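Chemist: Mind having a look at this structure? Questions to follow.
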Amino acid sequence: MIRKQIILSETKTAELSFEEVMAKYKPLIKKGISSWLGSYEYDDLFQIASIALWKAFEKYDHRKNIGFGYIAKLYIKSSILAYHKKQTAKLTNKTSKINNVVSFQDLLGDDEDGTTLEELFGVEDISINNLADKLVLDQIMNKFSKQQQEDILAYISGFKVSDIAATKDISKQTMSIRMKNSLMKFRAMYIKEMVM
Numbered sequence: 001m002i003r004k005q006i007i008l009s010e011t012k013t014a015e016l017s018f019e020e021v022m023a024k025y026k027p028l029i030k031k032g033i034s035s036w037l038g039s040y041e042y043d044d045l046f047q048i049a050s051i052a053l054w055k056a057f058e059k060y061d062h063r064k065n066i067g068f069g070y071i072a073k074l075y076i077k078s079s080i081l082a083y084h085k086k087q088t089a090k091l092t093n094k095t096s097k098i099n100n101v102v103s104f105q106d107l108l109g110d111d112e113d114g115t116t117l118e119e120l121f122g123v124e125d126i127s128i129n130n131l132a133d134k135l136v137l138d139q140i141m142n143k144f145s146k147q148q149q150e151d152i153l154a155y156i157s158g159f160k161v162s163d164i165a166a167t168k169d170i171s172k173q174t175m176s177i178r179m180k181n182s183l184m185k186f187r188a189m190y191i192k193e194m195v196m
């Protein structure tokens, strides 16, 4: 177990392990992620902030005479901002695909009497609303854990709660509660997105 000299305040230093630092600075992590909770999952943010705290601990040098709390706060904030930037870039990439959608009503050729893609392929126009709904659904699903995503997709695909529980080796009651909570959360997030 690695122990490091940590400046806790202007007058107090201590030799701490990372586990002790984690216990001491857990409130700082919670405070750092609190303003992002409406946008991202608590578990994801907590993991990102914990890794940032570890990096701060790993690179910390008490000889620079800077308190560890200040360094930890900078690492946590910059890591969460980097995560946000990455998530925003993913969303921007998805929404840019909407802008490149070709309508089946577009004419092939320059004249007004040209053939449309609908006439050529015999399909109806894809609605922008359907694509926007799909993006909203994708965005909402990304806020769930892998386990929750699997549960919801299995349920939507027509599997019974008892079947899903059996594959996960948990009781039907536990799976039922988990499914109910996931679906309620999904519904609330969907309504919130549709109102905005």
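Numbering (full-length UniProt numbering), first residue to last: 1 to 196. We put the beta carbon where it would ideally sit given N, CA and C, even for glycine. Keep in mind the model is a prediction, meaning the values are calculated, not measured.
#1: Since residue 153 sits in a beta bridge, which residues does DSSP pair it with?
#2: Taking three-plus beta-carbon pairs below 8 Å as touching, is the region 37-45 in contact with the region 67-79?
#3: When you compare each of 42, 88, 32 and 57 to residue 78 by their alpha carbons, which one comes out closest?
#4: Which residue's Cα is closest to the Cα of residue 51: 6, 25, 185 and 165?
#5: Between which residues of its own chain and residue 176 is the CB-CB distance below 7 Å, once the five residues before and five after are set aside?
#6: Let me make sure I understand the geometry here. Which of 5, 84 and 151 has the alpha-carbon closest to that of residue 183?
#7: Please confirm whether residue 14 and residue 6 have their CB atoms less than 7 Å apart.
#8: Could you spell out the range, first to last residue, of the alpha helix (DSSP H) harbouring residue 53?
Modeler: Taking the definition as stated:
#1: Within the sequence shown, residue 153 is the residue found at index 153, counting from 1. According to DSSP, residue 153 bridges with nothing at all.
#2: no
#3: Locating residue 78 in the sequence shown gives position 78, counting from the first residue. Checked all of 42, 88, 32 and 57; the closest Cα to residue 78 is 32.
#4: By 1-based counting over the sequence shown, the position of residue 51 is 51. Ranking 6, 25, 185 and 165 by Cα distance to residue 51 puts 25 first.
#5: One-based indexing of the sequence shown puts residue 176 at position 176. Excluding positions up to five away in sequence, the list reads 161.
#6: Translated into the one-based positions of the sequence shown, residue 183 becomes position 183. Closest option to residue 183, Cα to Cα, is 151.
#7: What you label residue 14 is simply residue 14 of the sequence shown in a count that begins at 1. What you label residue 6 is simply residue 6 of the sequence shown in a count that begins at 1. Yes. Within cutoff.
#8: The residue given as residue 53 occupies position 53 in the sequence shown. Unbroken alpha helix (DSSP H) run through residue 53: 42-59.
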